[in-house]
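Heads up: the structure comes next, in structure tokens.
There are 2 protein chains.
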Amino acid sequence: MVTQQAPEPARRGRGRRPAAEVRREVLRAAGELLLTEGMAAFTIEKVAALSGASRVTLYKWWPSKGALALDGYFDAVGPTLAFPDTGDIAADLTAQLRAFVHLMRDTRAGRVMPELIGHAQTDPELSALLRERYSAPRRALAVEALERAKERGRLREDVDPEVVVDQLWGACYHRLLIPDQPLTDEFAEALVRNLLAGIGRP
Amino acid sequence: MVTQQAPEPARRGRGRRPAAEVRREVLRAAGELLLTEGMAAFTIEKVAALSGASRVTLYKWWPSKGALALDGYFDAVGPTLAFPDTGDIAADLTAQLRAFVHLMRDTRAGRVMPELIGHAQTDPELSALLRERYSAPRRALAVEALERAKERGRLREDVDPEVVVDQLWGACYHRLLIPDQPLTDEFAEALVRNLLAGIGRP
Chain W
1 MVTQQAPEPA
11 RRGRGRRPAA
21 EVRREVLRAA
31 GELLLTEGMA
41 AFTIEKVAAL
51 SGASRVTLYK
61 WWPSKGALAL
71 DGYFDAVGPT
81 LAFPDTGDIA
91 ADLTAQLRAF
101 VHLMRDTRAG
111 RVMPELIGHA
121 QTDPELSALL
131 RERYSAPRRA
141 LAVEALERAK
151 ERGRLREDVD
161 PEVVVDQLWG
171 ACYHRLLIPD
181 QPLTDEFAEA
191 LVRNLLAGIG
201 RP
Chain S
1 MVTQQAPEPA
11 RRGRGRRPAA
21 EVRREVLRAA
31 GELLLTEGMA
41 AFTIEKVAAL
51 SGASRVTLYK
61 WWPSKGALAL
71 DGYFDAVGPT
81 LAFPDTGDIA
91 ADLTAQLRAF
101 VHLMRDTRAG
111 RVMPELIGHA
121 QTDPELSALL
131 RERYSAPRRA
141 LAVEALERAK
151 ERGRLREDVD
161 PEVVVDQLWG
171 ACYHRLLIPD
181 QPLTDEFAEA
191 LVRNLLAGIG
201 RP
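In order, the protein sequences belong to chains W and S. Each residue of the first sequence is one higher than the last, beginning at 1 in UniProt numbering. Each residue of the second sequence is one higher than the last, beginning at 1 in UniProt numbering.
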């Protein structure tokens with residue numbers, strides 16, 4: 001039996017809300033909670049209280065608190081990490097990578113993401129969730145942008161976009177997880193310059 | 001007081017060994033123990049027993065078991081990850097990256113390293129040790145090889161070798177830690193091809 005516990009401010013005076021609206025508010029609350037308090041303090045109960053949704057609903061929609069946290073994270077960072085599409089692939093990639101570097105360097109996301117990836121190394125369930133709900137969809141968005149550039153003839157025909165993802169965003173994750181060198185705007189710019197123009201001399 | 005516990009086979013009948021020899025055997029034992037049993041089972045006591053060195057010596061030379069484990073790891077993988085220098089930078093980088101991919105994909109190193117990097121995300125002391133005793137020295141070796149190629153006129157003058165490290169080995173760590181895509185020989189080859197020749201079309 002589910003008992004009503006604390007008052008749920010977001011629900012007060014609203015009556016029944018459409019499921020899509022509840023879902024949006026749950027995701028927003030989950031992202032906010034994760035980014036302000038970190039994974040250690042993240043619980044389904046707190047998200048329920050913050051969003052005004054019932055815990056039963058949350059447990060019905062998300063199989064675990066890890067799944068809810070990752071969906072909340074994706075929802076929170078998605079707009080910041082959108083791919084611009086001006087047709088200039090160098091400028092678009094640089095802008096997106098600068099936004100990513102900024103997010104990791106200057107916000108709580110830069111502490112939460114390494115924590116999640118770190119725990120995933122010894123927690124197979126979290127690892128699967130992280131890939132399914134965060135890294136694979138983010139990778140797909142990047143591949144899509146690179147495929148568009150290929151279709152427009154801006155990238156070589158024989159280039160595998162999946163490898164490019166590792167040489168741009170993967171390079172950033174490397175500095176995030178093993179911080180021998182800093183994450184800077186100049187780094188984001190050099191990544192794109194190196195890869196588009198090539199670093200070799202004939 | 002240090003009491004003699006189990007028999008220590010490696011020391012039997014040898015008398016006093018030179019410090020350099022003891023150090024070599026300790027590192028070999030540490031690397032072997034880490035790669036066969038993982039970090040969870042790694043203790044200074046076991047390394048002492050395996051190497052025939054006294055625990056007092058080990059505690060004198062290494063500030064913690066993490067430091068000893070990382071020095072043992074570096075010692076164990078060093079020869080496999082040596083940088084060939086044939087003068088052909090594309091071939092040399094590809095050979096080194098293939099050796100790295102092989103080590104991570106086909107040996108216990110590919111389980112130990114993610115475990116160490118994972119724990120380092122929430123353990124500042126391990127993080128500092130990992131950088132000081134493993135990633136920074138490995139990075140320095142790669143930068144050295146890239147600087148040689150620059151001096152020989154094989155890489156563009158304005159290229160920062162530190163960024164290249166993230167776009168080659170960092171890209172591999174990305175697939176190791178977030179395994180959305182596999183670590184393969186073809187991947188190692190594509191990393192070098194993309195970066196040397198560039199992926200853009202004018």
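Yeah, the Cβ is synthetic: ideal placement off N, Cα and C, and Gly gets one too. Since we're looking at a predicted model, the values are computed, not measured.
Beta-carbon spacing of residue i, residue j below 7 angstroms
| i | j | result |
| --- | --- | --- |
| D85(W) | R131(S) | no |
| G170(W) | A171(S) | yes |
| V165(S) | A142(S) | yes |
| A29(W) | S51(W) | yes |
| D71(S) | L116(S) | no |
| P114(W) | Q121(S) | yes |
| V192(S) | L93(S) | yes |
| G118(S) | G118(W) | yes |
| Q167(S) | L195(S) | yes |
| G66(S) | L126(S) | yes |
| D158(W) | A190(S) | no |
| R98(W) | L35(W) | no |
Cβ-Cβ separation, residue j to residue i (assumed contact under 8 angstroms), whole Å
| i | j | result |
| --- | --- | --- |
| D75(W) | G31(W) | 5 angstroms |
| V101(W) | T184(W) | 7 angstroms |
| H174(S) | Y134(W) | Actually they are not in contact, since the Cβ atoms of H174(S) and Y134(W) sit about 14 angstroms apart, beyond 8 angstroms. |
| F187(S) | A145(S) | Contact flag wrong, Cβ pair sits at about 20 angstroms. |
| L33(W) | V47(W) | 6 angstroms |
| I89(S) | L155(S) | 7 angstroms |
| G153(W) | R201(S) | 6 angstroms |
| A53(W) | E25(W) | 7 angstroms |
Beta bridge counterpart(s) of residue i as assigned by DSSP
| i | result |
| --- | --- |
| L155(W) | G200(S) |
Terminal residues of the alpha helix (DSSP H) in which residue i lies
| i | result |
| --- | --- |
| L34(W) | 19-37 |
| I44(S) | 44-51 |
| G78(S) | Element bounds for G78(S): n/a, residue is neither H nor E. |
| W61(W) | 55-61 |
Residue i Cβ short of 6 angstroms to the ligand GTP heavy atom set
| i | result |
| --- | --- |
| V77(W) | Inclusion of the ligand GTP in the displayed structure is not the case, the ligand content being empty and no account of it being possible. |
Cross-chain neighbours of residue i in chain B, by beta carbon under 7 angstroms
| i | result |
| --- | --- |
| F187(W) | Considering every chain present, this structure includes no chain B. Its protein chains are W and S. |
- Mind listing, in chain order, the continuous alpha helix (DSSP H) runs of no fewer than 4 residues lying wholly within the segment 80-165 of chain S? Listed in chain order, they are 89-106, 109-120, 124-130, 136-151.
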